[in-house]
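> Residue numbers (our numbering), protein chains in the order written: chain A, 1 to 352; chain B, 353 to 593.
From the three backbone atoms N, C-alpha and C, an ideal C-beta is built for every residue, glycine too.
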Amino acid sequence: MRLAELRNLSKRFGNRAVLDDITLQIDEGEILALLGPNGAGKTTLLKILAFLEKPDSGEVKFQGEAVTEKNAERMRLQSAMVFQRTLFFSTSVYNNVAYGLKMRKLPQNTIKEEVKKALRLVKLEGFEKRSVKKLSGGEQQRVALARALVLKTKLLLLDEPTANLDPKNVQIIEEVIGTINRELKTTMVMATHNMFQAKTLPQRIALMSDGRITEVGVPAEIFARLSRNLASFAAVDNTFTGTARITSAGTTIIDIGNGVQIEAAVQRQGLTSVFVTPQDIIVSKSPVVSSARNVFKGRIVEILDLGSLVKLKVDVGKSFTVQITKQSFSEMQLNLDSWVFLVFKASAVQVI
Amino acid sequence: MNPIIEGIIKAFELIFSGDPTVYGIVFRSLFFSGVAAILAALWGTPIAMLLGLRDFRGKSVVKGFFNSLIGMPTVALGLILFLTFSKAGPLGFLGLLYTPGAVMLGEAVLVTPLVISIATTAIEAVDPEMINLAKTLGASESQASITVLKEAINGVVFSDMASFNRAIAELGVALLVGGNIAGLTDVLTTDISKYTQRGGSDLAYAIALSIILMAIVFGINLIIIVARNPKVLATFGRSPQ
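(1) Compare the C-alpha of Ala98 (chain A) against each of B:Gly444, B:Gly441 and B:Ala491 and name the closest.
(2) With distances taken Cα to Cα, identify the nearest neighbour of Glu73 (chain A) among B:Thr464, B:Arg406 and B:Glu493.
(3) Would Thr192 (chain A) and Ala33 (chain A) be called neighbours here (beta carbons separated by less than 8 Å)?
(4) With 8 Å set as the bound, which would you pick, yes or no: does the beta-carbon of Asn581 (chain B) sit closer than that to a beta-carbon of chain A?
(5) For Asp87 (chain A), go through chain B and note every residue whose CB falls closer than 9 Å to its CB, in chain order.
(6) For the beta strand (DSSP E) containing Arg212 (chain A), list its first residue and its last residue.
(7) Do you know whose CA, among A:Pro107, A:Glu5 and A:Leu19, lies nearest Gly64 (chain A)'s CA?
(8) List the endpoints of the continuous beta strand (DSSP E) containing Phe88 (chain A).
(9) DSSP on Ile422 (chain B), reduced to helix/strand/coil?
(10) I want to see whether chain B comes within less than 8 Å of Gly41 (chain A), judged by CB atoms only; does it?
(11) At a CB distance below 7 Å, what residues from the segment 92–109 of chain A approach chain B? Give them in sequence order.
(12) Report the rounded CA-to-CA distance for Phe88 (chain A) versus Val509 (chain B), giving the unit in angstroms.
(13) For Gly178 (chain A), I'd like the list of residues in its chain whose CB is within less than 8 Å of its CB, leaving aside the five on either flank, ordered along the chain.
(14) Give the interface partners of Ala491 (chain B) over in chain A, defined as CB-CB distance under 7 Å, in chain order.
(15) When the Cα atoms are used, what is the spatial distance from Ile303 (chain A) to Val310 (chain A)?
(16) Could one say the Cβ of Leu77 (chain A) lies closer than 8 Å to chain B's Cβ atoms, at least one of them?
(17) Which ranges would you report for the alpha helix (DSSP H) in the segment 356–425 of chain B if only whole runs of at least 4 residues count?
(18) Determine which residues share a DSSP beta bridge with Ile22 (chain A) and list them.
(19) Residues of chain A with CB closer than 8 Å to the CB of Glu503 (chain B), please, in chain order.
(20) Just confirm the distance between the C-beta atoms of Leu165 (chain A) and Gly211 (chain A), as a whole number of angstroms; I'd bet it's less than 8 Å.
(21) Output, in chain order, the set of chain B residues within a Cβ distance shorter than 8 Å of Phe83 (chain A).
(22) Name the DSSP bridge partner or partners of Leu309 (chain A)?
(23) On the DSSP bridge list, what partners appear for Gly178 (chain A)?
(24) Which same chain residues end up closer than 6 Å to Ser381 (chain B) when comparing Cβ atoms and leaving out the 5 residues on each side of it in sequence?
(25) Show which residues of chain A have a CB atom less than 9 Å away from the CB atom of Thr499 (chain B).
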């Protein structure tokens, strides 16, 4: 069964084409990932699916019915979107999660019951009376998820649901996404630029770049095909493409250019794309003797403060993104232009 | 005794003895300014929501217009309103001139630009994505707007308090359209002016009314400051480091 259908959608903001002739079907009950670098048009596509933005041209159908300006308000009751930037009403957790249910004019008792269940699902049981402002970033994102899923809409739209979160919160959120898809059969469309997430969570992937969908398919298929488009995904954190050769030790060395060679624990030959999760990379100020096969020296070229975490871009010939805690960051006295060593195991290298 | 010191002593007597003339004036001042602030909020807030949430051509011109009107000299506005309410004026048929209604309406007009400007800024400060969040959770257009207004509530309340303060402290409008009729349209500012001009023993009334006016204005300002930054309270009574 088809839940939503997009045909020949285009959308411009000023002179820039954000979406360019998008045609896509969303099947009932599936998780579809929109995978692409920043600026590919993922968020705009999600907003159109949430009936918050309307396309300049093209058609959007939901459950067989064309979406128009007139019925958008009614259609919106069938979908809910979780935004990338955690936004919340400056009030309690309860009032945040209950917001949509109140809009739907449900009886007080039911609202209370449903909010409780939703909070249990995102592992924030008993948080009702807390102020959202005082929660951690990860907890806030879980409130945002609970606030959307409590509505039990047919369609749930997630914009980078785990971007910039620590592994514990990522795990909880991924679990919840899986659970509600399985148990409530909620259809989900999820924007991500996390290769690993795209590989494991969704049933289908749509690759996006420059406002276009270049490929749609099941993850195994998409990753196996290694299209030129996927190779150009170097814009996605820590994704590199190069020529691989198998070493005498049975591992694989991938030459990704600029003198950088990554060693992976699997065997591949020829053109290969690899991906390293930022959390898997250890940052140190001095060279460490360890079993890790990959050690690179580079300069910090960008520092991004994410609250309890700090994201660093390190240039080792190629640009790597790493994520460390705020505490480590200040203890190591890191600055822009500091020299650091990046260390990761061959088994942390995921061959796409 | 020095007539000024005598006046100040008499003023405190008037304040603490609950002098009916003094408290009648205080009551009218509070009432007129209160109604004016409420009226300005009633028509100013929707305009602020329009300016804060919608995009349309000439929006910055409208905003600039209201911003520049904040500094409108009260006497000039008083005169314009006087002409409007006078027999030959466009609203002369209402017979409002020299009535409490004229004072309240006039002061409401005076403080409207203030309400609009401050409330617009507060609404614009709310994350623009907030309206989308409300909508995706099932709010209608108008419910979503109200949600944004709630997020901006501090700024909106601040705009109302500031407008009340401007209304109670102004002289020109109340004097020119109210006529300073004792017991009917006279308020703190118009009476301070009247009693000062009379001088002599009436000076005590002017001083008493001034003290009360300042207490009201400073009190409200203090509430605003504390409400915007509760930490201010904690710094009281702490010696500088």
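On the basis of the data shown:
(1) On the first sequence, residue 98 (chain A) is found 98 positions in, with the first residue counted as 1. Selected option, being the one with the closest Cα: B:Ala491.
(2) Within the first sequence, numbered from 1, the residue matching residue 73 (chain A) stands at position 73. Comparing Cα-Cα distances from Glu73 (chain A) to each of B:Thr464, B:Arg406 and B:Glu493, the minimum goes to B:Glu493.
(3) By 1-based counting over the first sequence, the position of residue 192 (chain A) is 192. By 1-based counting over the first sequence, the position of residue 33 (chain A) is 33. Their beta carbons are under 8 Å apart, which means Thr192 (chain A) touches Ala33 (chain A) by this criterion.
(4) Your numbering for residue 581 (chain B) matches position 229 in the second sequence. No - not a single Cβ of chain A is within 8 Å of the one on Asn581 (chain B).
(5) What you label residue 87 (chain A) is simply residue 87 of the first sequence in a count that begins at 1. A small correction: the amino acid at residue 87 (chain A) is Leu; Asp does not occupy that position in the sequence shown. Going along chain B in sequence order, the residues near Leu87 (chain A) (Cβ under 9 Å) are Asp479, Glu481, Met482, Asn484 and Leu485.
(6) Taking the first residue of the first sequence as position 1, residue 212 (chain A) is located at position 212. Arg212 to Gly217 is the extent of the beta strand (DSSP E) around Arg212 (chain A).
(7) As a working mapping, residue 64 (chain A) is identified with position 64 in the first sequence. With distances taken between Cα atoms, Gly64 (chain A) lies closest to A:Glu5.
(8) In the first sequence, residue 88 (chain A) corresponds to position 88, counting from 1. No beta strand (DSSP E) holds Phe88 (chain A); DSSP gives it neither H nor E.
(9) Taking the first residue of the second sequence as position 1, residue 422 (chain B) is located at position 70. Looking at Ile422 (chain B) - three-state DSSP - the assignment turns out to be coil, as it is neither helix nor strand.
(10) Translated into positions along the first sequence, residue 41 (chain A) becomes position 41. No, its Cβ sits nowhere closer than 8 Å to a Cβ of chain B.
(11) Tyr99, Gly100, Met103 and Arg104
(12) Locating residue 88 (chain A) in the first sequence gives position 88, counting from the first residue. Locating residue 509 (chain B) in the second sequence gives position 157, counting from the first residue. If I take the Cα positions, the gap works out to 21 Å.
(13) Stepping through the first sequence from its first residue, residue 178 (chain A) is reached at position 178. Excluding sequence neighbours, Gly178 (chain A) sits near Leu201.
(14) As a first step, residue 491 (chain B) is located in the second sequence; it is residue number 139 there, counting from the start. Met103, listed in chain order.
(15) The count along the first sequence starts at 1 and reaches residue 303 (chain A) at position 303. The count along the first sequence starts at 1 and reaches residue 310 (chain A) at position 310. Taking the straight line joining both Cα atoms gives about 7 Å.
(16) Position 77 of the first sequence, counting from 1, holds the residue named residue 77 (chain A). Chain B, which has a Cβ nearer than 8 Å to the Cβ of Leu77 (chain A), makes this yes.
(17) 372–405 and 411–421
(18) Against the first sequence, residue 22 (chain A) aligns to sequence position 22. Ile22 (chain A) pairs with A:Leu9.
(19) Walking along the second sequence from the start, residue 503 (chain B) turns up at place 151. The answer, in chain order, is Phe89 and Ser90.
(20) Sequence index remark: in the first sequence, residue 165 (chain A) carries index 165 (1-based). Sequence index remark: in the first sequence, residue 211 (chain A) carries index 211 (1-based). Not a contact, Cβ separation roughly 27 Å.
(21) Position 83 of the first sequence, counting from 1, holds the residue named residue 83 (chain A). Going along chain B in sequence order, the residues near Phe83 (chain A) (Cβ under 8 Å) are Glu481, Asn484 and Leu485.
(22) Along the first sequence, one-based indexing puts residue 309 (chain A) at 309. For Leu309 (chain A), which the question treats as bridged, DSSP gives the partners A:Thr325.
(23) Counting from 1 along the first sequence, the entry for residue 178 (chain A) is found at position 178. Partner(s): none; Gly178 (chain A) has no beta bridge.
(24) On the second sequence, position 29 is the one that residue 381 (chain B) refers to. Within the same chain, Ser381 (chain B) has close Cβ partners Ile520, Val539 and Leu540.
(25) As a working mapping, residue 499 (chain B) is identified with position 147 in the second sequence. The contacting residues are Phe89 and Tyr99.
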